[in-house]
Amino acid sequence: MFRPCIDLHEGKVKQIVGGTLSDDPTELRTHFVAERPAAWFAELYRRDGLRGGHVIQLGPGNESAAREALAAYPGGLQLGGGVNLDNAAAWLDAGASHVIVTSWIFRERHLDQARLDALVGAIGESRLVLDLSCRRRGSDYFVVTDRWQKLTELAINTATLDRLARQCDEFLVHAVEVEGLGQGIDEELVRRLADGSPIPTTYAGGARSLADLETVTRLSRGRIDLTIGAALDLFGGTGVRYADAVEFNRRQSTR
Numbered sequence: 001m002f003r004p005c006i007d008l009h010e011g012k013v014k015q016i017v018g019g020t021l022s023d024d025p026t027e028l029r030t031h032f033v034a035e036r037p038a039a040w041f042a043e044l045y046r047r048d049g050l051r052g053g054h055v056i057q058l059g060p061g062n063e064s065a066a067r068e069a070l071a072a073y074p075g076g077l078q079l080g081g082g083v084n085l086d087n088a089a090a091w092l093d094a095g096a097s098h099v100i101v102t103s104w105i106f107r108e109r110h111l112d113q114a115r116l117d118a119l120v121g122a123i124g125e126s127r128l129v130l131d132l133s134c135r136r137r138g139s140d141y142f143v144v145t146d147r148w149q150k151l152t153e154l155a156i157n158t159a160t161l162d163r164l165a166r167q168c169d170e171f172l173v174h175a176v177e178v179e180g181l182g183q184g185i186d187e188e189l190v191r192r193l194a195d196g197s198p199i200p201t202t203y204a205g206g207a208r209s210l211a212d213l214e215t216v217t218r219l220s221r222g223r224i225d226l227t228i229g230a231a232l233d234l235f236g237g238t239g240v241r242y243a244d245a246v247e248f249n250r251r252q253s254t255r
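According to the working numbering, the stretch in the sequence shown is residues 1 to 255, in order.
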């Protein structure tokens, strides 16, 4: 299934090449900056019945836009970016169906189990999505944190997915090395997620055509959803018509 997104940077909806968001602003590569506010996109997704999309705050200065998007589609969107124990409940109160967390539950390249336990204790696993965005090193994929700049020691494999699935409702996984490039999905990662994840999982990264949505559905036997960003006509892309992605979901829902 297709899952929509709203990526926020400096208060605006943007499409950014994965891995170029860092402390050095000269490295940032931006594909698209929307003229419309985040709430417009949220209202569109609400109209078309698209649930489970994610609003991601890429750095500071995005809280107002994020709150407006959540208010426009209460219970229909997940919220990520800067989520921690102190603010997770507030984002849920603001209308997020789930909060998405990654960097805060890692310290010194390792998963901080105490932090994860505390977060689950505060909001419950049914409202939590773990972001396991990753880079490939050799034959394995490892979670990356802090704007996808820091490689952790946590490998994406069946044991990891099975263990973490007990403490969250879904996984969100960006293939960082192909994210925002529109040059095709990482099919091997999709296969591994399909084989290893026991809970709903959304893959993002590299989608360039409706054929990629069909491929993810086929490779995963319908178990992995796909986010399409830069290729979507909503975000200035030419590879995928938003209307076609919505229609794909409708066809899948009737099967």
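Virtual Cβ for every residue (Gly too), placed ideally from N, Cα, C. On a predicted model such as this, the values are computed, not experimentally measured, just so you know.
Residue nearest to residue i in terms of C-alpha spacing, selected from the options
i	options	result
residue 198	165, 105 and 38	165
residue 61	160, 114, 9 and 193	9
residue 124	103, 63 and 97	97
residue 155	222, 242, 231 and 189	189
residue 137	163, 128 and 150	150
residue 42	102, 230 and 55	55
residue 1	11, 49 and 15	49
residue 102	94, 114, 83 and 251	83
residue 37	236, 16, 68 and 217	68
residue 208	202, 7 and 229	229
residue 131	117, 161 and 139	161
residue 158	141, 147, 94 and 169	141
Buried or exposed by the 16-neighbour rule on C-beta atoms within 10 Å, applied to residue i
i	result
residue 112	exposed
residue 110	exposed
residue 214	exposed
residue 13	buried
residue 133	buried
residue 170	buried
residue 243	exposed
Strand pairing of residue i, partner residues [DSSP]
i	result
residue 201	171 and 224
residue 141	136
residue 78	54 and 98
residue 3	227
residue 166	According to DSSP, residue 166 bridges with nothing at all.
residue 147	Answer by DSSP bridge pairing: none, since residue 147 is not bridged.
residue 240	232
residue 107	110
residue 263	Nothing about residue 263 can be read from this structure; the chain reaches only from 1 to 255.
Other residues of its chain near residue i: CB distance less than 7 Å, five sequence neighbours each side excluded
i	result
residue 106	112, 145 and 152
residue 24	Caution applies to residue 24, whose pLDDT of 49 falls short of 50 and renders its modelled position unreliable; the value that the coordinates give is listed next. There are no such residues.
residue 194	219, 220, 221, 223 and 224
residue 216	185, 190, 203, 224 and 226
Cβ shell of residue i (< 8 Å), same chain only, five flanking positions each side left out
i	result
residue 238	231
residue 11	61, 62, 64 and 65
residue 183	206 and 208
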